[in-house]
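Okay, so the sequence shown: first residue is 87 according to my numbering, each after it adds one.
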Amino acid sequence: MTSTLNHHPATTGADLDVSRSSRHIDDLLLRRYTAHRGAVHLTGIQALVRMIIDRQRADAAIGLRTSSYVSGYEGSPLAGYDLELARQSRLLEEHAIFHQPGLNEELAATAVEGSQLTDVGTLKEGIDGVVGYWYGKAPGLDRAADALRHAVMSGTSGRGGAVAIVGDDPTAKSSSIPSNSSRLLADLGMPTLVPADASDVLTLGTHAAWLSRESGLWTALRVTTAVADGSATVVLDDVTAPTPPEDPHQPHARVLGKPLLALDASRTGRRLDRAIAYARKHHLNRLVQASSEDVLGIIASGAAYLEVAQCLRTLGNGDCPPKVRLLRLGMTYPLDPNELEEFARGLQTIVVAEDLGTHLTETVRTVLYGCEEHPQVVHTTTPQKQLPKLLHGVGIEVAVTPSPALRRPLPLAVAQRTPHFCSGCPHNASTRTSADQLVGAGIGCHAMVLLMDEKRVGNVIGTAQMGGEGGHWIGMSPFVQEKHLIQNLGDGTFWHSGSLAIRALVASNVNITVKLLHNGTVAMTGGQDAIGSRGLGSAIEMLRAEGVRRIVVTTDDVARTRKMLPRGVDIRHRSELSQVQEELGALDGVTVLVHDQHCAAEKRRFRNRGQAVKASVAVEINPRICEGCGDCGEKSGCLSVKPIDTAFGRKTAIDQTSCNADYTCLSGDCPAFVTITQQEKRAETVAESSAADQRDAQEPNAQVEELAVGMAQPIDAAELPEPQQPKIGNRQAYSVRVAGVGGTGVLTVAAVLATAAQRDGLFVRGQDMTGLAQKGGAVISDVRFTTTFMDHPGHLPIGGADVLLGLDSLTSVETNTLEVLDPGRTTAIISTTESPTGRMVTDVHAPRTSVDALSDALSSRVKRAISMDAGEISSRLFGMSTYQTMVMLGAAVQAGVIPVSPCSVEAAVRANGRSSECNVQAFRRGRQLIADPNSLESLLANNLHCVPEQSAPETWQEDMEMRAKELAAWGNETLAERYRQDVQAIAEAESRVDPSSESLTKAATFGFHKLQAYKDEYEVARLATDPSYLADLERRYGAGATIKIQLHPPILRAMGMRKKIGVSTRLVPVFRMLAAAKRVRGTALDIFGYSTQRKVERELSEVYRTTLLRLAQQMVTKEDLAHLTELAAGADSVRGYEELKINSARTFLARLKSHLPENQEKSRK
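Structural data, given as structure tokens:
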């Protein structure tokens, strides 16, 4: 059943031109584009690059001197195509391939059409013809349809050819709507080829150009997400180009009068017939299985064919069931009537499998209409579900499909990991508005406002197509009461087509503020520069020329932006964004708010590559001062501001690994922030230098002399025992699912596994499932290993996982991952490192499921489970959590559940280049975790990067003593002793009602301390200058680091100061003098005690204490106990400083006062 174009089904890993020991991994990476025979591993995007090179070489081999012109516009699933072309620019130049990204899709299509009109001019010396390639996603095809319709009409050169590479996203993984472009391509008159994988891309992609050359028509290569985001081992063959046609079509674009009629007649007649003849001659459609006894036929193309093939193997216990005829289409339009009629002969039913829509099914029915053979034609997009029923309906008995038992949702309330803006992303601030403000979303990263709380981003009405931003309001505004709309517009879209939308808004004279989000890059599709962009100054001039009423620019750096713009432009700091929105909203007409701030993800890449100055100022949060109120997360929206659990409750910390130094978190109303300015040569506590990275890339086996500051002594691979690798069954796939958070290395782990397997002589297929999820959402990547070539999808079927590498617990328990687990088969390697969702960061009340509970629940669904806090291991060993993915991979390999050798994994890691030795060491430490856990545990306990933390007490008695000592330091020993007596009284009362319960006592232990030891100026001064905390900062950042405590004193706030001031630790003696003045707390001499906050805090503490003690003595039933426990736990709701603290304290105080005797009496009356 495994019959494909240019594949060798009988080939095994032992036959591949790959050395398992002597050939370095770099050779494998280089061979992706240079090898002529043997095996290479290619992603779909890489195959799209190589197919042009292969065709160019094949043309040259028959003496045809062709050049290639490539143009288009980036967009998922082809988001990385232009980037990969750029990376291979030297190779493209060697093969006369010219890549020029288009300003937008239709202009790029027109440019490619021009490559076929070269006969009108005089070709340069040494060029016989030009092959043009246009690329774009389905919405780009829609946009360029008119240009392409003209191009197809004028036709292609007999020594050139033109191919439209169309990216389709059937499941809308990274698109605003799902897409299947087959119908439009057929209407345009383009013969359409549909590859199933990277191998098909090479074969059908080269044929696409030659078919175009032969027929005189543009051809389309329809590339779905499964192909573009997939990867596969490809066995290479010699590629031979066909001889150019002797009577080629003569393209011309003079489409008026009689020439137009002749062109149209040939387009639907002679040229289309020649396309069918070419497909028949070169066997683009393959009859995979057929016999005279067949009763059911299946027609499929592309990724849908792989789904069908896998399903049939499952139903036939490894082989296709009998009496089933299978036709694999390489060309879905036009269909060959003779071929289709022959296929239908003798069949009762034909099943047409498609990934989306019914176009192919309708075409099959149309072609067979009126034929002698007319079986029933059935459509399906879910062959795994429908084929068993259809086979049974025609009397074909098949194996029972796996039962979905135990694939139900977990019995836990699990937070959903939705995409979110990156750490430090400018959109965190620039998209903020009031909840009642109407907002139009746009195309780009900022479209994630559609997934966010309207309290942050406004009442989003929806999104339009790219370039249609604001158009909705033109049709809405005459009929709604609202007078104003804010429309988000990315700068990439502005240069693509958005400037025309602004022209339309001005022409319509609507009241709207266009918020132009200028971040300098097209971040959603890989970080490309916006084509056509001439900078912020030119954009401002264009806006003025369009006639907008007013323009205001907000920025994170006023001085930088002012240098870019002419005089007279109103430039404000981003802290005034809300005020600017109100000002512009009050004006009639079209106004523009430009927010100028560089993309955080790109800024981080530039810093890592040494192309930008690394941030020298780090931000930390003193966990003892922090109230865990979440104000810093709510104001910054930053994923690096994460909640943590400590011995003193929920707090907030800055994840230094992911922090992009945006500093908006400092706007949180809290004195817990500390900034640390590091010495220039200690800007990173852990990482190899750029020079070390470059040396490592050039000399992959060289050991980097200085891995990291204070990193543990490197471990040699010889110190670890070789793991026993799992065996892969004959004609079976061994399947691994990697699940994690977008941007944390999920795809890197999958790529390392694929490269290592290639080195070990295995066949590999893979599928990355990312899309919008790459922005902090749930990302999964599947890798499937076989010993021989097999036709199967890159993604896992239901119950098909041999291994789950769960890099994130939340992602690992999502339904689409749970359904691939098998309790009799799957081994799960699970990380218990907590990674907050966007909602957890911005909403302190968002539920947080225990990672340990998630790990335990997941363990019940698999055969074997190994869990670890990989982030903690990485942080302790290397000073940052970056390397946790390699720790996990090392553990999985050493556990004997990954079918690749450790040496091949290390070679693959080194080939990646950046921070390779730290990654190799992390991989080895993960192996050590399995092979010698005691040694690793000892190392973790004594390592320099181990930050001392106060562990949570195991009993309430220990908790009471810990907090009593803190109360003594806050006040005095008398207060501490009263606290002990109060807790003991609660414990005795609880034991009287329920001897087995401790919940009330634990809640009161926490609540009495929290509300009594409120953080006034004396306490903040004590905690801010705690010697152990300052010593820890100095140890981690260096003795020469400048530490400043960020404060916003009420007296300065009252004077109008809006920003915090940094107080140097040189003033520690002054702080300690203030801390010692605690003796006047609550007296007439307490100058801070007269504030509203302090009065409320003192009252709350006393009312809480007296209420709990009184109600505890009155308890009789377990219901009373439960009610009082809930009330006692309410102390944790009192958080924050200033207004946040006052509001939360008053809310809880009102609740407590409702339990006072006089209030209870009123309630009864």
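A virtual CB, placed ideally from N, CA and C, is assigned to each residue, including glycine.
These figures come from a predicted structure and were not determined experimentally.
Identify whether residue i lies in helix, strand or coil by the three-state DSSP scheme.
i       : result
Phe849  : strand
Ser265  : coil
Val638  : strand
Trp1056 : helix
Trp581  : helix
Met628  : helix
Lys601  : strand
Leu398  : helix
His931  : coil
Asp283  : coil
Leu839  : helix
Leu415  : strand
Gly675  : coil
Ser987  : coil
Since residue i is in the alpha helix (DSSP H), which residue starts that stretch and which ends it?
i       : result
Asp1172 : From DSSP, Asp1172 is part of no alpha helix (DSSP H); its letter is neither H nor E.
Ala687  : Ala686 to Asn694
Lys223  : Counting along the chain, Lys223 falls outside any alpha helix (DSSP H), though it belongs to the beta strand (DSSP E) covering Gly215 to Lys223.
Met137  : Gly130 to Ala147
Compute the distance between the beta-carbons of residue i and residue j, then report whether it is under 8 Å.
i       : j       : result
Phe849  : Thr289  : no
Ser1083 : Leu1197 : no
Lys1101 : Gln1179 : no
Gly886  : Thr856  : no
Val639  : His659  : no
Glu300  : Pro277  : no
Met137  : Thr292  : yes
Leu421  : Val374  : no
Gly244  : His181  : no
Val450  : Leu382  : no
Leu1186 : Leu1086 : no
Thr152  : Gly212  : no
Thr761  : Lys1130 : yes
Val948  : Leu890  : yes
Thr504  : Thr923  : yes
Asp577  : Ala609  : no
Met974  : Gly1012 : yes
Ser946  : Thr918  : no
Leu1109 : Arg710  : yes
Cys685  : Asn605  : yes
Tyr221  : Leu177  : no
Leaving aside the five residues before and after residue i along the sequence, list all residues of the same chain whose C-beta is less than 7 Å from its C-beta, in chain order.
i      : result
His513 : Phe507, Cys531, His532 and Leu603
Asp908 : Gly885 and Ala887
Ala515 : Arg660, Leu663 and Thr750
Near residue i, which residues of its chain fall below 8 Å by C-beta distance, leaving aside the five closest residues on each side in sequence?
i       : result
Gly52   : Coverage of the chain is limited to positions 87 through 1251, which leaves residue 52 absent and any answer about it impossible.
Leu1235 : Val1182, Glu1185, Leu1186 and Val1189
Gly735  : Gly714, Phe1092, Lys1096 and Asp1218
Arg60   : Only positions 87 to 1251 of the chain appear in the structure, and residue 60 is not among them; the question remains open.
Thr641  : Thr647, Ile657, Arg658, His659, Arg660, His681, Asp682 and Gln683
So the beta strand (DSSP E) residue i belongs to, where does it begin and stop?
i      : result
Asn574 : Leu571 to Gly576
Asn545 : Asn545 to Thr549
His465 : Gln462 to Thr466
Apart from the five residues just before and just after residue i, which ones in its own chain have a Cβ nearer than 6 Å to its Cβ?
i       : result
Leu1242 : none
(request) Determine, using beta-carbon pairs with one atom in the segment 192-202 and one in the segment 231-251, whether at least three such pairs fall under 8 Å. (result) yes
(message) When you compare the segment 1123-1130 with the segment 1060-1076, are there three or more beta-carbon pairs, one atom per stretch, that lie closer than 8 Å?
(response) no
(request) Determine, using beta-carbon pairs with one atom in the segment 426-444 and one in the segment 460-467, whether at least three such pairs fall under 8 Å. (result) yes
(request) Could you tell me whether the segment 354-366 touches the segment 382-391, where touching means 3 or more Cβ pairs closer than 8 Å? (result) With a cut-off of 8 Å, the segment 382-391 and the segment 354-366 do not count as touching, because too few Cβ pairs lie within range.
(request) Would you check if the segment 748-756 and the segment 1208-1226 touch, i.e. whether three or more CB-CB distances between them fall below 8 Å? (result) Contact holds between the segment 1208-1226 and the segment 748-756, because three or more Cβ pairs, one in each stretch, are under 8 Å apart.
(request) Could you say if the segment 408-419 and the segment 263-282 meet the contact criterion of at least three C-beta pairs nearer than 8 Å? (result) yes
(message) Could you check whether the segment 832-845 touches the segment 116-129, counting it as contact only if at least three pairs of C-beta atoms, one from each stretch, sit closer than 8 Å?
(response) With the rule of 3 Cβ pairs closer than 8 Å, the segment 832-845 counts as touching the segment 116-129.
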